[in-house]
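Residue numbers (our numbering), protein chains in the order written: chain R, 95 to 381; chain G, 4 to 417.
Below is the structure:
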């Protein structure tokens with residue numbers, strides 16, 4: 095029972111992290127219909143921004159998370175305006191090629207600038223409590239709470255604010271929303287920046303729990319795509335559910351069987367979802 | 004004031020002037036070899052090229068960079084001191100490095116380039132994938148190789164007479180750190196162990212060495228877990244490992260960041276036993292990532308406190324040359340001095356078999372890792388395994404210090 099609880103807590107924590115990365119990706123796809131392969135690189139840049147802010151310059155941790163989100167939001171917005179806007183409406187392969195190029199450029203530049211040595215970010219809180227054999231780490235609890243609050247905040251933003259409504263309108267039907275006066279170009283860079291900022295915050299959180307290296311974006315992208323495909327392209331709720339499913343598989347199956355089986359099972363679940371619901375659990379048909 | 008301006012009117016950069024100057028510069032550069040004496044362009048000494056086919060990017064780049072630094076620094080020091088003396092004639096060393104990305108195919112390509120294009124006779128490498136790729140080229144081409152690679156035996160020994168494994172595997176260093184741990188914790192406290200390593204050839208190799216070591220000391224193996232390099236959260240793997248309640252955990256070869264994540268997860272989940280990481284060789288990251296949880300950590304072959312003049316000089320030079328220094332780079336710094344001694348002993352830089360025979364006899368007493376020699380004749384048929392003083396660093400309550408130095412007490416039949 096204790097072991098099950100520990101696995102559940104770990105899976106819940108992992109799931110929230112995964113969801114945080116995937117939500118940014120699904121937001122970008124939903125609004126712009128582009129596949130942003132360099133999403134993991136935003137995750138990596140977010141983590142390194144916090145590292146330099148907090149570890150190298152000794153500035154406050156939480157302010158660093160905010161700074162990281164703001165900087166990466168700006169970086170994402172610039173990328174959208176400079177690189178992706180000219181490709182709008184063209185074949186998806188163009189944006190795919192650009193984002194793949196970005197992966198190589200950002201991760202190689204990261205290795206040159208940040209070095210290849212693994213680094214760590216000390217957490218804002220430490221310690222924990224052992225409850226009946228189950229360890230509750232304060233750090234994980236805080237990070238889970240922040241992640242959950244961010245996901246809820248994004249949902250609230252999309253649901254109840256004017257800009258959020260405009261984002262959803264553009265995601266639903268860009269031409270009609272433009273006719274209704276929505277500035278689609280503005281919405282595009284906001285959504286891209288927002289999605290990138292979500293990845294950056296996820297990078298800060300995961301970088302704190304674990305360790306950081308310039309090549310860390312690759313796995314984040316893979317996980318995010320797995321989750322988005324499972325949950326449904328463009329669906330925030332789908333990304334949350336997909337993240338939770340993947341987090342639980344990673345935790346429970348790795349602990350009870352092995353990491354390889356967990357990876358295989360993750361893909362089996364994705365295949366099954368695609369067979370029975372080709373648009374994902376909560377997705378719509380984008381054809 | 005400003006008299007220089009009135010004497011010398013500002014020279015404007017025009018397109019024509021730029022083209023003229025550029026043409027003259029390129030022409031001069033091309034003509035220089037014919038015009039200038041040879042000594043003005045190149046070293047007069049003959050050059051011995053040493054090639055590095057090492058992972059400079061990817062997950063094991065930390066090890067690759069550390070290996071490369073040892074050769075680059077050593078070559079500069081040797082050259083400044085007059086070079087390598089072969090039959091009374093000084094030779095300069097030139098080090099050429101290519102990135103293998105830690106992949107077999109890239110390593111093979113890098114080694115081919117070194118051997119065929121750069122015509123090197125001496126190659127070094129790091130970790131299993133790069134070593135496997137390198138060996139496909141070096142042995143058939145009669146090129147001598149020195150590597151850090153931890154467990155395989157099928158690519159080692161008499162069938163590979165030009166191949167040297169400079170870094171001790173978990174097996175060899177175990178004959179220093181296991182006795183130390185037994186002294187520290189008591190034999191009865193170390194009856195069972197569990198292993199965590201990467202799910203690749205390096206992990207399999209290290210587990211193989213670890214297994215031989217545990218069998219020798221009669222320590223029961225409680226579990227073996229492999230992680231993927233892309234793994235981010237070590238909670239699941241560590242939870243599974245400590246479920247069997249091993250007396251201690253060995254994680255190998257895990258770089259410092261992963262070692263720290265494993266330590267942190269284990270301690271958070273209440274595991275109290277020692278955790279040894281024979282390849283982390285660095286404490287800054289471990290302390291940074293694991294924080295307060297960094298306690299009862301054993302880091303064999305890790306000298307974090309250079310104390311002799313040689314060790315201090317190496318640390319100072321690396322800091323100056325590369326902007327940083329880590330104990331692992333210190334560990335690898337002796338390889339090139341060993342090769343220099345072999346070249347001088349053999350009296351040739353072209354007959355690699357003669358150099359290999361000489362290298363097997365080289366013993367150095369004052370290196371970053373103290374005393375060094377090549378051993379393993381009884382096990383492998385040839386002395387090709389580097390053995391050296393094992394500096395064991397411990398981390399207790401967030402404090403890292405060298406706690407033990409001893410030469411591995413290898414079995415008589417080794």
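Glycine included, each C-beta is placed from N, C-alpha and C at the ideal position. Since the structure is predicted, the reported quantities are computational estimates derived from the model, not experimental observations.
Alpha carbon of residue i to alpha carbon of residue j, nearest angstrom
i	j	result
residue 80 of chain R	residue 123 of chain R	Because chain R spans 95 through 381 in this model, residue 80 of chain R falls outside it and cannot be assessed.
residue 373 of chain G	residue 319 of chain G	17 Å
residue 66 of chain G	residue 260 of chain G	13 Å
residue 361 of chain R	residue 321 of chain R	10 Å
residue 52 of chain G	residue 122 of chain G	8 Å
residue 293 of chain G	residue 361 of chain G	44 Å
residue 224 of chain R	residue 240 of chain R	22 Å
residue 192 of chain R	residue 177 of chain R	8 Å
residue 413 of chain G	residue 365 of chain G	18 Å
residue 159 of chain R	residue 352 of chain R	33 Å
residue 186 of chain R	residue 264 of chain R	17 Å
residue 143 of chain G	residue 113 of chain G	16 Å
residue 1 of chain G	residue 100 of chain R	Lying outside 4 to 417, the shown extent of chain G, residue 1 of chain G is not represented and no answer is given.
residue 243 of chain R	residue 236 of chain R	10 Å
residue 256 of chain G	residue 257 of chain R	50 Å
residue 266 of chain G	residue 297 of chain G	7 Å
residue 167 of chain R	residue 269 of chain R	25 Å
C-beta neighbour in chain G for residue i, strict 8 Å
i	result
residue 97 of chain R	yes
residue 212 of chain R	yes
residue 315 of chain R	no
residue 307 of chain R	yes
residue 108 of chain R	yes
residue 353 of chain R	yes
residue 382 of chain R	Summary: the structure shown does not reach residue 382 of chain R, with chain R confined to residues 95 through 381, and so no result is reported for it.
residue 304 of chain R	yes
residue 278 of chain R	no
Nearest candidate by alpha-carbon position, reference residue i, set the options
i	options	result
residue 107 of chain G	G/391, G/187, G/137 and G/311	G/137
residue 341 of chain G	G/252, G/58, G/50 and G/81	G/81
residue 330 of chain R	R/121, R/171 and R/299	R/121
residue 96 of chain G	G/377, G/105, G/303 and G/54	G/54
residue 278 of chain R	R/110, R/117 and R/127	R/127
residue 388 of chain G	G/274, G/300, G/176 and G/64	G/176
residue 197 of chain G	G/220, G/226 and G/171	G/226
residue 160 of chain G	G/216, G/306 and G/385	G/385
residue 369 of chain R	R/204, R/326 and R/151	R/326
residue 108 of chain R	R/337, R/333 and R/375	R/337
residue 62 of chain G	R/215, R/188, R/312 and R/357	R/312
residue 73 of chain G	G/379, G/356, G/346 and G/322	G/322
residue 127 of chain G	G/116, G/100, G/145 and G/105	G/100
residue 304 of chain R	G/271, G/309 and G/325	G/271
Neighbouring residues, chain G, relative to residue i (Cβ below 8 Å)
i	result
residue 58 of chain R	Because chain R in this structure spans residues 95 to 381, residue 58 of chain R falls outside the shown range and cannot be described.
residue 344 of chain R	236 and 239
residue 359 of chain R	Here the premise fails: no neighbours, minimum Cβ distance about 13 Å.
residue 229 of chain R	271, 272 and 273
residue 222 of chain R	271
Residue-chain proximity (residue i, chain R), Cβ-Cβ < 8 Å
i	result
residue 159 of chain G	no
residue 230 of chain G	yes
Chain-ordered chain G contacts of residue i [CB-CB under 7 Å]
i	result
residue 216 of chain R	291 and 294
residue 349 of chain R	239, 242 and 243
residue 119 of chain R	The contacting residues do not exist; residue 119 of chain R stays about 17 Å from chain G at best.
Near the ligand GTP: residue i beta-carbon under 7 Å from a heavy atom
i	result
residue 401 of chain G	The ligand GTP is absent from the structure shown, which contains no ligand whatsoever.
Chain-ordered neighbours of residue i on chain R, where CB pairs are closer than 7 Å
i	result
residue 60 of chain G	205 and 210
Interface residues of chain G facing residue i [CB-CB closer than 9 Å]
i	result
residue 162 of chain R	Here the premise fails: no neighbours, minimum Cβ distance about 18 Å.
Contact list for residue i against chain B, beta-carbon separation under 9 Å
i	result
residue 375 of chain R	Note that chain B does not occur in the displayed structure, where the protein chains are R and G.
At a Cβ cut of 8 Å, what residues of the segment 246-280 of chain G count as close to chain R, listed as they run along the chain? 246, 258, 259, 260, 261, 263, 264, 271, 272 and 273
Taking a cut of 7 Å between CB atoms, which residues from the segment 287-302 of chain G lie near chain R? 288, 291, 292, 294 and 295
May I ask you to list, following chain order, the residues of the segment 191-208 of chain R that have a beta carbon less than 7 Å from some beta carbon of chain G? 205
Using a Cβ-Cβ cut-off of less than 9 Å, list which residues of the segment 122-153 of chain R approach chain G; keep chain order. 149
Using a Cβ-Cβ cut-off of less than 7 Å, list which residues of the segment 63-88 of chain G approach chain R; keep chain order. 64, 65 and 68
What are the residues in the segment 191-210 of chain G lying within 9 Å of chain R by C-beta distance? 202
Taking Cβ-Cβ distances below 8 Å as the criterion, which residues of the segment 235-269 of chain R are in contact with chain G? none
Within 7 Å of chain G by C-beta, residues of the segment 322-340 of chain R in sequence order: none
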